[in-house]
Amino acid sequence: MGNNVLYVILFLWVKIHALLPMPVLFVLSDVFYFFIYYMARYRRGVVRNNLRNSFPGMAEKEIRKLERRFYRHFADYIIETIKLAHISQEELLRRANIRNPELIYGLLDKGHSCLILTMGHYGNWEWFSGASARFEGRATVYPVYRPIQNKAFDRLFIYLRTRFHSCGIKKNNTIRDLVRLKQNKTPALLPFLADQTPSKANLHYWTTFLNQESAILTGPERIAKKLDIPVIFADIIKVKRGYYTADLKLITEKAKDTGKFLITEEYARMMEKTILRDPAYWLWTHKRWKHNAGS
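Written out as structure tokens, the structure is:
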């Protein structure tokens with residue numbers, strides 16, 4: 001099946017399901033949870049191993065309970081992402097609420113044309129990437145992303161992420177595009193999913209993260225220091241099913257003035273605190289610890 005045909009099929013399937021109201025979609029999510037957890041057993045070994053290593057003092061009964069809560073949330077995340085194909089701007093901003101956007105407004109008013117927003121695979125990051133309408137007229141949101149290998153799925157996610165006037169930037173083009181935006185004094189906010197595992201060639205910084213020696217992505221820090229732009233952390237909270245809030249916290253306004261890896265370490269501590277508040281809402285299906293220190 002060609003990528004164009006597959007894309008049309010995926011697009012129509014997502015569009016049709018996105019027309020359904022959220023309560024109906026959450027019923028489908030409950031069914032989907034049963035399928036992926038009990039029948040397909042999607043990455044259960046990876047999730048269980050990650051939880052055991054991250055919480056070595058937790059009883060096995062509690063690990064299994066946390067595991068099931070994660071998969072329920074994971075099913076919700078998938079359904080909520082599908083809803084992006086039809087959700088209105090007003091409903092999205094209500095369901096993915098940023099409590100203190102004035103932090104970003106203030107930095108833009110000071111003349112900073114580009115800001116880096118570090119966040120993780122926590123809660124529903126897709127909804128916050130799509131909530132760029134909140135900054136309409138002040139800044140354009142440019143989510144930094146890794147292209148998906150399957151071109152049909154990649155095209156679908158680009159459509160979902162750019163429905164509300166955001167413009168994706170491919171990871172490999174980040175510095176080039178950011179330099180251009182800054183030179184043109186284009187107000188821009190760049191969300192980074194900074195909890196991804198660095199490639200083997202980019203294992204530059206290690207720290208203890210969730211009780212394990214972990215390589216932390218240093219790209220946001222290197223870019224921020226190169227261009228001397230502010231770095232903000234988005235602390236996401238799942239309020240209830242289908243509703244999230246984000247508290248924005250300034251890591252630094254002057255990246256060039258910070259010590260080496262200070263921004264990266266501060267991000268790791270903030271992200272860890274977010275996860276520990278309720279671990280069920282982090283993406284445990286990732287093989288986060290596939291590299292060893294010294295490898």
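The sequence shown begins at 1 in the numbering used here and counts up by one. By construction, the Cβ of each residue, glycine as well, lies at the ideal position given by its N, Cα and C atoms.
Pairwise C-alpha distance: residue j and residue i
i	j	result
LEU193	GLY2	30 Å
LYS256	LEU262	11 Å
THR197	LYS290	8 Å
ASN63	LEU283	Note on residue identity: the sequence assigns Ile, not Asn, to residue 63. Rounded to the nearest angstrom, the two C-alpha atoms are 15 Å apart.
ALA124	VAL46	Residue 124 is actually Asn in this sequence, not Ala. The straight-line gap from Cα to Cα measures roughly 21 Å.
LYS15	ILE79	12 Å
THR140	LEU20	29 Å
ARG95	TYR244	6 Å
THR162	MET22	21 Å
ALA234	TRP127	13 Å
LEU103	LEU203	32 Å
VAL8	MET39	28 Å
ALA85	GLY259	42 Å
GLU265	THR207	8 Å
ARG68	ILE236	21 Å
PHE55	ARG138	42 Å
LEU298	ALA152	Coverage of the chain is limited to positions 1 through 295, which leaves residue 298 absent and any answer about it impossible.
LEU210	PHE26	30 Å
ASP278	GLY242	16 Å
ARG288	SER214	8 Å
GLU90	ILE223	33 Å
TYR77	ASP177	30 Å
LYS65	ASP247	28 Å
Reduced DSSP category for residue i - H, G, I as helix; E, B as strand; rest coil
i	result
LYS249	strand
ASP30	helix
ASN100	coil
TRP206	strand
MET58	coil
ASP154	helix
ALA85	coil
PRO191	strand
GLY235	Per the sequence shown, the amino acid found at residue 235 is Asp instead of Gly. Of the three classes helix, strand and coil, the one that applies to ASP235 here is strand, per DSSP.
ILE116	strand
LYS225	helix
Own chain, CB closer than 7 Å to residue i, minus 5 neighbours either side, in chain order
i	result
MET271	GLY120, ASP195
VAL231	ILE116, THR118, PRO220, ALA224, ILE251, THR252, ALA255, ILE263
Residue burial classification, residue i (beta-carbon count within 10 angstroms, cutoff 16)
i	result
TRP13	exposed
VAL24	exposed
ASN50	buried
ALA201	exposed
ALA317	In this structure the chain extends from 1 to 295, so residue 317 is not present and cannot be described.
ARG134	buried
According to DSSP, residues forming a beta bridge with residue i
i	result
GLU213	THR208
ARG109	Going by the sequence as given, residue 109 is Asp instead of Arg. Its beta-bridge partners do not exist; DSSP assigns none.
VAL144	ILE169
LYS240	TYR243
Neighbourhood of residue i by C-beta, 6 Å cutoff - its chain only, sequence neighbours within 5 removed
i	result
ALA18	ILE82, LYS83, ALA85, HIS86
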